[in-house]
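Undergrad: Next up is a structure, given as structure tokens.
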Amino acid sequence: DTLNISDEARELLAAKMGPEYKVAVSDETTWERFAFIWREPVVSLTKPYLMENPKLGRKPFVGEFRAGSFDFMVVNLHLFWDGSKKTYPHTRSVEFKLLDDWLAYRQDEELDVIFAGDFNAPNMYYGTQFPPPLSSHYFFYEFLSRHGLVSVTIEKGIPTSIANQNIYDHFIFNPAHNFVEEFSGFDSVKVVKWDLFYDKNQDGRLDWNEHTKAREAVTDHRLVKAKFRIDMPDDDEEEVSLTTRDDKTLD
4 DTLNISDEAR ELLAAKMGPE YKVAVSDETT WERFAFIWRE PVVSLTKPYL MENPKLGRKP
64 FVGEFRAGSF DFMVVNLHLF WDGSKKTYPH TRSVEFKLLD DWLAYRQDEE LDVIFAGDFN
124 APNMYYGTQF PPPLSSHYFF YEFLSRHGLV SVTIEKGIPT SIANQNIYDH FIFNPAHNFV
184 EEFSGFDSVK VVKWDLFYDK NQDGRLDWNE HTKAREAVTD HRLVKAKFRI DMPDDDEEEV
244 SLTTRDDKTL D
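Using this note's numbering, read the sequence shown as starting at 4 and increasing by one per residue.
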């Protein structure tokens, strides 16, 4: 049988990762594809799918999972840095507002929503300070503050771009009770600086040639890791008194 590109990518990833891993690869959305890779105790509750709303330039790839008593939805996305008349007319600021509206008015009972991916914001010169009104980065911080959301990489202050100090890649969620209370804390967050393998001068930064080799071989972004507990009562269902047991966490 003839495989499509998504199937080929899924089989390639599965062969690389090993038989204990499950892989889902999206169809193409504006020249890109998304993927989820998981293993036990994580199980997929539905087949991951490209979400039609909100109407972003690249459709978010959504997975619904459970690990232990932690059920959660991951919205995997890559926002446009800037649009064009030929592809997609919107910029980051518009997409932030579309996400804001979607989260405000969604009817799904699942409250454990985790946004993951490249938001192309904020730039390094804003840090954790509110940027100027009406800038694209202003709408990013407004999206976070309106919904009580945190970004683990902003809280850690670790750049995720290999070219500069920009913090573009995030796990974003509401850590409050009845939301993603299962988050294990900011001490569990790691930004994997794999790009230093290409730092042949060992000066802590990539020159242009080193950056080009790293970007072409892998990507121009670093990996972000965070841990979540899977042994707590499901906080979507009811208000409960929570107690800590053994430190069982999910990477």
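We put the beta carbon where it would ideally sit given N, CA and C, even for glycine. All figures in this text were calculated on a predicted structure; none of them were measured in a lab.
DSSP beta-bridge partners for G66?
TA: Against the sequence shown, residue 66 aligns to sequence position 63. For G66, which the question treats as bridged, DSSP gives the partners V77.
Undergrad: Compare the C-alpha of H150 against each of E213, W105 and D237 and name the closest.
TA: One-based indexing of the sequence shown puts residue 150 at position 147. Comparing Cα positions, the closest option is W105.
Undergrad: Please classify H150: does DSSP put it in a helix, a strand, or coil?
TA: Start at 1 with the first residue of the sequence shown, and residue 150 comes out as number 147. Correct three-state label for H150: coil.
Undergrad: Can you find the residues in the same chain that come closer than 8 angstroms, C-beta to C-beta, to A12, ignoring five residues on each side of it along the sequence?
TA: As a working note, residue 12 is residue 9 in the sequence shown. Cβ neighbours of A12 beyond the five flanking positions: V28, R36 and A38.
Undergrad: Taking just the CA atoms, how far does V65 sit from G188?
TA: What you label residue 188 is simply residue 185 of the sequence shown in a count that begins at 1. What you label residue 65 is simply residue 62 of the sequence shown in a count that begins at 1. About 24 angstroms.
Undergrad: Taking 8 angstroms as the cut-off, decide whether the C-beta atoms of L152 and I175 are in contact.
TA: Position 149 of the sequence shown, counting from 1, holds the residue named residue 152. Position 172 of the sequence shown, counting from 1, holds the residue named residue 175. Cβ atoms of L152 and I175: closer than 8 angstroms.
Undergrad: For the alpha helix (DSSP H) containing L106, name the first residue and the last one.
TA: As a first step, residue 106 must be located in the sequence shown, where it is residue number 103. Taken as a continuous stretch (DSSP letters only), the alpha helix (DSSP H) holding L106 covers R95 to Y108.
Undergrad: Out of curiosity, what's the CA-to-CA distance linking N79 and V116?
TA: Here residue 79 refers to the residue found at position 76 of the sequence shown. Here residue 116 refers to the residue found at position 113 of the sequence shown. About 11 angstroms.
Undergrad: Counting along the chain, where does the alpha helix (DSSP H) carrying R218 start and finish?
TA: In the sequence shown, counting from the first residue as 1, residue 218 sits at position 215. Its alpha helix (DSSP H) spans residues W211 to A220.
Undergrad: What residues are listed by DSSP as bridge partners for A166?
TA: What you label residue 166 is simply residue 163 of the sequence shown in a count that begins at 1. In DSSP, A166 forms no bridge with anything.
Undergrad: Tell me which residues share the same chain as E55 and place their Cβ nearer than 8 angstroms to its Cβ, disregarding the 5 neighbours each side in the sequence.
TA: Here the question's residue 55 lines up with position 52 in the sequence shown. K62, listed in sequence order.
Undergrad: Roughly how many angstroms lie between the CA atoms of E67 and D111, to the nearest whole one?
TA: Position 64 of the sequence shown, counting from 1, holds the residue named residue 67. Position 108 of the sequence shown, counting from 1, holds the residue named residue 111. Spanning the two alpha carbons is a distance of roughly 12 angstroms.
Undergrad: Give the secondary structure of V195 by DSSP, where H, G and I count as helix, E and B as strand, and everything else as coil.
TA: To locate residue 195, count along the sequence shown from 1; it is residue 192. Reduced to three states, the DSSP call for V195 is strand.
Undergrad: Taking 8 angstroms as the cut-off, decide whether the C-beta atoms of P162 and H140 are in contact.
TA: Taking the first residue of the sequence shown as 1, we reach residue 162 at position 159. Taking the first residue of the sequence shown as 1, we reach residue 140 at position 137. For P162 and H140, no; Cβs fall outside 8 angstroms.
Undergrad: Output needed for T33: all residues of its chain with C-beta closer than 6 angstroms, excluding positions within five of it in sequence on either side, in chain order.
TA: Within the sequence shown, numbered from 1, the residue matching residue 33 stands at position 30. Only G60 and R61 meet the Cβ criterion.
Undergrad: Can you tell me the Cα-Cα spacing of V227 and T156, whole angstroms?
TA: The sequence position of residue 227 within the sequence shown is 224, counting from 1. The sequence position of residue 156 within the sequence shown is 153, counting from 1. Each residue's alpha carbon lies about 8 angstroms from the other.
Undergrad: Within its chain, find whatever has a CB closer than 6 angstroms to the CB of L82; leave out the 5 residues flanking it on each side and keep chain order.
TA: Here the question's residue 82 lines up with position 79 in the sequence shown. Answer for L82: R95, E98, F122 and N123, listed in chain order.
Undergrad: Helix, strand or coil for R42 per DSSP?
TA: By 1-based counting over the sequence shown, the position of residue 42 is 39. Three-state DSSP puts R42 in a strand.
Undergrad: From L101 to A107, what distance separates their C-alpha atoms?
TA: Locating residue 101 in the sequence shown gives position 98, counting from the first residue. Locating residue 107 in the sequence shown gives position 104, counting from the first residue. Distance between the alpha carbons of L101 and A107: 10 angstroms.
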